[in-house]
Amino acid sequence: MDLTVLLFLFQDGVINGAVYALVALALVLVFAVTRVILVSQGEFVAFAALTVSALENGRAPGTIWLLITMGLLAAASEIVLFRKDLGIGRLCRIAAFDIALPVGLAFLTWTVAPLKLGTFANSVVAILLILPMGSMLYRIAFQPIATASVLVLLIAAFGVHFSLMGVGLLFFGPEGVGTTPFSAESFSLGTLVVSAQSILVVCVTLIALSVFAGFFNWTIFGKALRASASNRVGARLSGIPVELAGQAAFTIAAGLGAVSGVLVGPLTTMYYDSGFLIGLKGFVAAILGGLVSFPLTVIAALVVGFAESMFSFWASSFKEVLVFSLIVPILLWRSLYSTSGGHG
Numbered sequence: 001m002d003l004t005v006l007l008f009l010f011q012d013g014v015i016n017g018a019v020y021a022l023v024a025l026a027l028v029l030v031f032a033v034t035r036v037i038l039v040s041q042g043e044f045v046a047f048a049a050l051t052v053s054a055l056e057n058g059r060a061p062g063t064i065w066l067l068i069t070m071g072l073l074a075a076a077s078e079i080v081l082f083r084k085d086l087g088i089g090r091l092c093r094i095a096a097f098d099i100a101l102p103v104g105l106a107f108l109t110w111t112v113a114p115l116k117l118g119t120f121a122n123s124v125v126a127i128l129l130i131l132p133m134g135s136m137l138y139r140i141a142f143q144p145i146a147t148a149s150v151l152v153l154l155i156a157a158f159g160v161h162f163s164l165m166g167v168g169l170l171f172f173g174p175e176g177v178g179t180t181p182f183s184a185e186s187f188s189l190g191t192l193v194v195s196a197q198s199i200l201v202v203c204v205t206l207i208a209l210s211v212f213a214g215f216f217n218w219t220i221f222g223k224a225l226r227a228s229a230s231n232r233v234g235a236r237l238s239g240i241p242v243e244l245a246g247q248a249a250f251t252i253a254a255g256l257g258a259v260s261g262v263l264v265g266p267l268t269t270m271y272y273d274s275g276f277l278i279g280l281k282g283f284v285a286a287i288l289g290g291l292v293s294f295p296l297t298v299i300a301a302l303v304v305g306f307a308e309s310m311f312s313f314w315a316s317s318f319k320e321v322l323v324f325s326l327i328v329p330i331l332l333w334r335s336l337y338s339t340s341g342g343h344g
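Spelled out as structure tokens, the structure:
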């Protein structure tokens with residue numbers, strides 16, 4: 001392997017790691033606040049890319065029907081769950097966020113889809129369609145069992161994942177798609193050619209990470225989420241609505257997934273089930289980061305991206321297996337550490 005090949009592999013690793021960082025941060029956030037390992041995080045990524053592709057072709061994406069369906073299910077779930085405490089305020093919120101918002105976004109999408117407004121506008125519409133799905137998903141599948149064990153929540157998460165894969169096939173079809181990059185420009189750095197899309201991926205990821213850090217360190221709402229993650233009972237006793245914290249965590253996760261999707265769409269072919277592998281690699285990074293530390297998670301995501309790039313060069317047939325095997329030493333170490341700590 002010469003230096004040029006190594007530089008190209010490093011570039012691919014950084015780009016992939018940037019995408020995995022966004023996915024892994026969402027997984028860590030959701031797990032910290034709700035104890036849910038969000039297996040379906042990758043679906044937000046895939047659905048965003050597929051939505052942009054449909055809009056580029058002048059078609060209304062199946063995302064609108066998925067959003068409306070999820071809105072109706074979320075409304076029904078909340079009505080059943082809070083049937084003994086249904087007030088005018090709650091009913092108005094359900095009508096506004098679960099019915100009026102999806103329908104309004106659907107009409108917006110139907111209006112702009114034939115206009116082919118360009119990559120940026122299509123990406124904004126895709127993010128707007130994906131963003132509310134986070135809160136809806138939490139209220140449909142996880143809010144009713146919020147106090148269950150982590151194992152039960154994990155089983156529910158896998159059920160949600162397979163359900164979303166099924167509706168993804170229904171609404172988007174089996175065809176693979178690619179999207180138009182934000183810029184077709186490329187730059188030469190010696191023997192290395194860097195595309196503007198790759199630079200954009202890294203820059204947007206850095207901006208998102210900065211906003212993420214600022215949100216949790218300097219805003220009241222972010223501090224409330226951190227409190228919910230640290231101690232759910234204490235947060236509830238302090239007046240923090242833990243249910244809203246869960247919805248907020250899932251909404252942020254959906255937003256990060258949507259941003260990842262519009263960034264990665266021009267770089268690879270996306271299918272309705274492509275999100276599964278992306279989500280799993282983000283999960284590997286989250287595990288390497290301990291499922292608690294956001295900075296360590298970002299570093300771990302870059303390690304996963306670079307490892308994947310190297311494995312693709314040396315043993316492409318076993319690339320996925322080798323990437324997933326990265327968590328084995330960490331799990332063994334944590335198991336031995338907890339065992340020795342328990343006897344200490």
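My numbering numbers the first residue of the sequence shown as 1 and each following residue consecutively. Every residue gets a Cβ at the ideal spot worked out from N, C-alpha and C, and that includes glycine. All values reported here derive from a predicted model rather than from experimental measurement.
With 16 as the cutoff for other CB atoms within 10 Å, does Gly87 come out buried or exposed?
By one-based count along the sequence shown, residue 87 stands at place 87. Answer is exposed; the Cβ neighbour count stays below 16.
Helix, strand or coil: which one does DSSP assign to Leu27?
Reading the sequence shown from its first residue, position 27 is the one you call residue 27. Note: Leu27 maps to helix in three-state DSSP.
Is the Cβ-Cβ distance between Ser228 and Ala253 less than 8 Å?
Mapped onto the sequence shown, residue 228 falls at position 228. Mapped onto the sequence shown, residue 253 falls at position 253. No, these two residues do not count as a Cβ contact at 8 Å.
So, is Glu78 buried or exposed, given that buried needs 16 or more other C-beta atoms within 10 angstroms?
Here the question's residue 78 lines up with position 78 in the sequence shown. With 16 or more Cβ atoms within 10 Å of its Cβ, Glu78 is classed as buried.
For the candidate residues Ile64, Gly13 and Val292, whose alpha-carbon lies nearest to that of Val167?
Mapped onto the sequence shown, residue 167 falls at position 167. When only C-alpha atoms are compared, the closest one is Ile64.
Would you tell me roughly how many angstroms separate the C-alpha atoms of Phe221 and Gly214, rounded to the nearest one?
What you label residue 221 is simply residue 221 of the sequence shown in a count that begins at 1. What you label residue 214 is simply residue 214 of the sequence shown in a count that begins at 1. Using only the alpha carbons, I get a separation of about 11 Å.
Short of 7 Å in beta carbon distance, which residues of its chain neighbour Asn57, apart from the five on each side in sequence? Order them along the chain.
Position 57 of the sequence shown, counted from the start, is the residue given in the question as residue 57. Once the five neighbours on either side are set aside, Asn57 has no close Cβ partner at all.
Using the Cα positions of Asp12 and Ala76, report the straight-line distance between them to the nearest angstrom.
Translated into positions along the sequence shown, residue 12 becomes position 12. Translated into positions along the sequence shown, residue 76 becomes position 76. Going from the Cα of Asp12 to the Cα of Ala76 covers about 44 Å.
Quick one: residues in its chain with C-beta nearer than 7 Å to the C-beta of Ser123, no 5 flanking neighbours on either side, listed in chain order?
The sequence position of residue 123 within the sequence shown is 123, counting from 1. Within the same chain, Ser123 has close Cβ partners Val52 and Val262.
Rounding to the nearest angstrom, what Cα-Cα distance links Arg236 and Ala249 in this structure?
Taking the first residue of the sequence shown as position 1, residue 236 is located at position 236. Taking the first residue of the sequence shown as position 1, residue 249 is located at position 249. Arg236 and Ala249: Cα-Cα distance of roughly 16 Å.
In whole angstroms, what separates the C-alpha of Leu73 from that of Ile140?
Position 73 of the sequence shown, counted from the start, is the residue given in the question as residue 73. Position 140 of the sequence shown, counted from the start, is the residue given in the question as residue 140. When rounded, the distance between both Cα atoms is 6 Å.
Return the first residue and the last residue of the alpha helix (DSSP H) that Ser149 is part of.
By 1-based counting over the sequence shown, the position of residue 149 is 149. That residue, Ser149, is in no alpha helix (DSSP H); it is neither H nor E in DSSP.
For Ile15, count the other beta carbons within 10 Å of its own beta carbon; 16 or more makes it buried, fewer makes it exposed. Which is it?
Within the sequence shown, numbered from 1, the residue matching residue 15 stands at position 15. Buried, by the Cβ-count rule.
Distance check for Cys92 and Gly305, CA to CA, integer angstroms please.
The residue given as residue 305 occupies position 305 in the sequence shown. The residue given as residue 92 occupies position 92 in the sequence shown. The straight-line gap from Cα to Cα measures roughly 45 Å.
Give the C-beta separation of Leu27 and Ala286 to the nearest angstrom, bearing in mind that I take them to be a contact with Cβ-Cβ under 8 Å.
Locating residue 27 in the sequence shown gives position 27, where the first residue counts as 1. Locating residue 286 in the sequence shown gives position 286, where the first residue counts as 1. At roughly 4 Å, the Cβ-Cβ gap stays under 8 Å, so Leu27 and Ala286 are in contact.
Provide the residue span of the alpha helix (DSSP H) that contains Ser77, from first to last.
Counting from one through the sequence shown, the residue named residue 77 turns up at place 77. Thr63 to Leu81 is the span of the alpha helix (DSSP H), which, as asked, contains Ser77.
Can you say whether Gly159 is buried or exposed, counting buried as having 16 or more other CB atoms within 10 angstroms of its CB?
By one-based count along the sequence shown, residue 159 stands at place 159. Label assigned to Gly159: exposed.
Beta-carbon within less than 6 Å of Ser195's beta-carbon, same chain only, minus the 5 sequence neighbours each way: which residues are those?
Here the question's residue 195 lines up with position 195 in the sequence shown. Excluding positions up to five away in sequence, the list reads Ser186.
Might you give, ordered along the chain, the residues of its own chain that have their beta carbon closer than 7 Å to the beta carbon of Phe283, omitting 5 neighbours on each side?
For the purposes of this step, residue 283 is taken as the residue at position 283 of the sequence shown. If we look at Phe283 and ignore the five residues flanking it on each side, its Cβ neighbours are Leu27.
Out of Lys84, Pro144, Ser135 and Pro61, point me to the one whose CA is closest to Leu108's CA.
Residue mapping note: residue 108 aligns to position 108 of the sequence shown, counting from 1. Closest by alpha carbon: Pro61.
For Gly176, collect the residues of the same chain with a Cβ closer than 6 Å to its Cβ; drop the 5 residues on either side in sequence, then sort them by chain order.
In the sequence shown, the residue the question calls residue 176 occupies position 176. The answer, listed in chain order, is Thr269 and Tyr271.
Using the rule of at least 16 other Cβ atoms within 10 Å of the residue's Cβ for burial, across every protein chain shown, is Ala155 buried or exposed?
Sequence index remark: in the sequence shown, residue 155 carries index 155 (1-based). One detail in the question is off: residue 155 reads as Ile in this sequence, not Ala. Result: exposed.
Give the secondary structure of Phe162 by DSSP, where H, G and I count as helix, E and B as strand, and everything else as coil.
Numbered from 1 along the sequence shown, position 162 holds the residue referred to as residue 162. Phe162: helix per DSSP, three-state reduction.
Looking only at its chain, what residues have a beta carbon closer than 6 Å to the beta carbon of Ala24, apart from the 5 residues adjacent to it on each side?
Within the sequence shown, the letter at position 24 stands for residue 24. Taken in chain order, the residues that qualify are Gly282, Ala285, Ala286, Thr297 and Ala301.
Would a C-beta distance cut-off of 8 Å place Leu209 and Phe182 closer than the cut-off?
Residue numbering aside, residue 209 sits at position 209 when the sequence shown is read from its first letter. Residue numbering aside, residue 182 sits at position 182 when the sequence shown is read from its first letter. No, they are not a contact pair.
For Ser149, count neighbouring Cβ atoms within 10 angstroms of its own Cβ and tell me buried if that reaches 16, exposed if not.
By 1-based counting over the sequence shown, the position of residue 149 is 149. Exposed: under 16 other Cβ atoms inside 10 Å.
Taking the straight line between their C-alpha atoms, what separation do you get for Val202 and Gln41?
In the sequence shown, the residue the question calls residue 202 occupies position 202. In the sequence shown, the residue the question calls residue 41 occupies position 41. So the alpha carbons of these two residues sit roughly 20 Å apart.
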